[in-house]
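Novice: Take the sequence shown: its position 147, counted from the start at 1, is 147 in my numbering, and no numbers get skipped.
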Amino acid sequence: MKAKLDQIRERAIAQIKECENTDKLNEIRVGILGKKGELTGILKSMKDVAPEERPQIGQWVNETRAEIEKVLEERYAKMERLVREAKLKAEVIDVTLPAKKPEIGHRHPNAIALEEVERIFIGMGYEVVEGPEVEKDYYNFEALNIPADHPAKDEQDTFYVNGDILLRTQTSGVQVHEMEKGKLPIRMLAPGRVFRADEVDATHSPSFHQIEGLVIDKHITFADLKGTLAEFAKELFGADTKVKFRPHHFPFTEPSAEMDVSCFKCGGTGCRFCKGEGWIEILGCGMVHPHVLEMSGIDPNEYSGFAFGVGLERIALLKYEIDDMRLLYENDIRFLKQF
Ligand code: DAH
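Right, here's the structure in full:
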C-alpha cells in the first residue's frame, strides 16, 4: 500500500510541476483529490483493510494528500504570479516620458499696457481709483456738462438699465465721484471698462477700456497739462517722442485738445504705421470746465485743474503693433503669448 501511495504522489507531483494553466491544474486536482479521485478511492477501500492496519494506512493517505495539496498550492501561487507579471509587463509605464504641462494662460496686452501707464502716473504722485461700470446718467453725462438734449449723448449711445441708470460710456464720471468726496488737491488715475452701442469692427467694440486722469489744485494751468502729458508720452513711447496739441471740443473741458505723439516708428517723417502723417492721435484732454467744478462743489475761483482720457486698447494696439482690436477679445492663448 505504501508503495502505491508513493507512486500516486510522485506521479501527481510530476504532473503538477509540468502543468502550465489553471484549468489543467484543476483537472489534476479533481483526478486525485476529488470525490472520484484516486486518493479518495483508496480511502473508500479502507473497509477491505484489516482493522489493525487502518490507522497506519489512514495516516499515509493523509500525509500523501497533504503533500500533494502543498505542491498544488505552490503551483497555483506561481501561476498567479506569472499572470500578474505578464500583465504588468504589458502595461508598462514609461516614467521618462515628458509630463503634460498645465495651461496657465498669459497676461493680456491690455493688462500689460495698463500697468505701464499706472507705473508712469504713480511715479508722478497720482492715486489709482475706480468707479462703477453701471452708472447714473448724472455722473456719466449731466455733471460733465452734457444735459438731456446735448448732441454728445447721441455720439455716446449706450445700454440703459432704465431711464436714469446706464452702462457708462466713459470713465470721465469718476472725476465727478472724486470731486464730490471734497478732498483736495486731487491727482487721480481711473482705469476701467466702458460701453457703447457700437458695432464690432477692427477699431470698435461695444465694450472697451479707458484711463481717466484728473488733477485739481490751486494754480493749475494748461502748462501743467502739457508738461505732464509730454512726460507721459516720453515714458510710454520713448525719450525722443514729441507731442502736439490740436484744439478740440469736449463738453467738460475748456479749452479742450487732442494730443498727438510723433510716430515712434519713423520718428515723424511719415510711414505706413502712422499712415504718412508722422503723428498718431493718442488722447483727449483739457482744463476742467468751471461749471463742472462748481457742480461738484469746488470753487472755480480758488481751484483749477486739467483732465485727460486715454483709450487703453488704443495704447495696447499701438505699443504692440496689433492691427485689429478684435484680436484683443478672442482670448486665443497663441495670440496672447506673443506679448
Ligand atoms: N471721455 C472722453 C471720451 O470718451 C475722453 C476725454 C476727453 C476725457 C477729454 C477727458 C478729457 O478727461 O479731458 O471721448
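Even glycine gets a Cβ: it sits at the ideal position worked out from N, Cα and C.
From a predicted model like this one, the values you see are computed outputs, not experimental measurements.
1) From which residue to which residue does the beta strand (DSSP E) around Ala233 run?
2) Figure out for me which residue from Thr158, Gly123, Thr269, Glu178 has the closest Cα to the Cα of Lys242.
3) Would you tell me roughly how many angstroms separate the C-alpha atoms of Asp164 and Glu118, rounded to the nearest one?
4) Could you compute how far the alpha carbon of Phe273 sits from the alpha carbon of Ile120?
5) So does the region 325-339 actually touch the region 225-233, counting three or more Cβ pairs closer than 8 Å?
6) Given Arg84, which residues of its chain have a CB within under 8 Å of its CB, disregarding the five upstream and five downstream residues?
7) Quick one: Cα of Leu88 to Cα of Tyr76, how far?
8) Quick one: is the Cβ of Phe335 within less than 7 Å of any heavy atom of the ligand DAH?
9) Less than 8 Å separating the beta-carbons of Thr196 and Pro206?
10) If you reduce the DSSP assignment to three classes, tell me which class Ile298 lands in.
11) Which ranges does the beta strand (DSSP E) cover as unbroken runs of at least 3 residues, wholly within the region 116-170, from first to last along the chain?
12) Taking Ile13 as part of the alpha helix (DSSP H), name the residues at either end of that continuous run.
13) Is it buried or exposed, Thr253, if we count other Cβ atoms within 10 angstroms and call 16 or more buried?
14) Would you please state the rounded distance, in angstroms, between the beta carbons of Lys188 and Glu103? I believe it to be under 8 Å.
15) For the ligand DAH, I want to know if Ala316 counts as a neighbour, meaning its beta carbon is within less than 7 Å of at least one of the ligand's heavy atoms.
16) Between Val176 and Ala148, how many whole angstroms is the CB-CB distance? I'm expecting something under 8 Å.
17) Could you tell me if Ser262 is buried or exposed, where buried requires 16 or more neighbouring beta carbons within 10 angstroms of its beta carbon?
18) In chain order, what residues of the same chain have a beta carbon less than 6 Å from the beta carbon of Gly125, not counting five sequence neighbours either side?
19) Restricting to runs no shorter than 4 residues, where is the alpha helix (DSSP H) found entirely within the region 253-295?
20) Tell me, please, which residues DSSP counts as bridged to Ala307.
Specialist: With the given structure in hand:
1) Position 233 of the sequence shown, counted from the first residue, corresponds to residue 233. For Ala233, there is no enclosing beta strand (DSSP E); the enclosing alpha helix (DSSP H) covers residues 222-237.
2) Here residue 242 refers to the residue found at position 242 of the sequence shown. Here the closest residue by C-alpha is Thr269.
3) In the sequence shown, residue 164 corresponds to position 164, counting from 1. In the sequence shown, residue 118 corresponds to position 118, counting from 1. Spanning the two alpha carbons is a distance of roughly 32 Å.
4) Translated into positions along the sequence shown, residue 273 becomes position 273. Translated into positions along the sequence shown, residue 120 becomes position 120. It is roughly 25 Å from the alpha-carbon of Phe273 to the alpha-carbon of Ile120.
5) No, the region 325-339 does not touch the region 225-233.
6) The residue given as residue 84 occupies position 84 in the sequence shown. Apart from sequence neighbours up to five positions away, no residue of its chain approaches Arg84 with a beta-carbon distance below 8 Å.
7) For the purposes of this step, residue 88 is identified with residue 88 of the sequence shown, where counting begins at 1. For the purposes of this step, residue 76 is identified with residue 76 of the sequence shown, where counting begins at 1. So the two alpha carbons sit approximately 18 Å from each other.
8) Taking the sequence shown and counting its residues from 1, the one referred to as residue 335 is at position 335. No - the ligand DAH has no heavy atom lying nearer than 7 Å to the Cβ of Phe335.
9) On the sequence shown, position 196 is the one that residue 196 refers to. On the sequence shown, position 206 is the one that residue 206 refers to. In the sequence on display, residue 196 carries Arg and not Thr. Note that the C-beta distance between Arg196 and Pro206 is below 8 Å.
10) Along the sequence shown, read from residue 1 onward, the residue named residue 298 stands at position 298. Coil.
11) Note on the region 116-170: whole beta strand (DSSP E) runs with a minimum of 3 residues are 134-136, 165-167, in chain order.
12) By one-based count along the sequence shown, residue 13 stands at place 13. Element bounds for Ile13: 2-18.
13) Locating residue 253 in the sequence shown gives position 253, where the first residue counts as 1. A residue is called buried when at least 16 other Cβ atoms come within 10 angstroms of its Cβ; Thr253 meets this threshold and is buried.
14) Within the sequence shown, numbered from 1, the residue matching residue 188 stands at position 188. Within the sequence shown, numbered from 1, the residue matching residue 103 stands at position 103. It is Met, not Lys, that sits at residue 188 in the sequence shown. The beta-carbon distance between Met188 and Glu103, rounded to whole angstroms, is 37 Å. This is too long to meet the 8 Å contact definition.
15) Working through the sequence shown from its first residue, we reach residue 316 at position 316. Set against 7 Å, the gap from the CB of Ala316 to the closest heavy atom of the ligand DAH is not smaller.
16) Working through the sequence shown from its first residue, we reach residue 176 at position 176. Working through the sequence shown from its first residue, we reach residue 148 at position 148. With a contact defined as Cβ atoms closer than 8 Å, Val176 and Ala148 miss out at about 17 Å.
17) Residue numbering aside, residue 262 sits at position 262 when the sequence shown is read from its first letter. With 16 or more other Cβ atoms within 10 Å, it is buried.
18) Here residue 125 refers to the residue found at position 125 when the sequence shown is read from its first residue. The answer, listed in chain order, is Arg187.
19) DSSP runs (the alpha helix (DSSP H)) wholly in the region 253-295: 290-295.
20) One-based indexing of the sequence shown puts residue 307 at position 307. In the DSSP assignment, the residues bridged to Ala307 are Leu214, Gly286.
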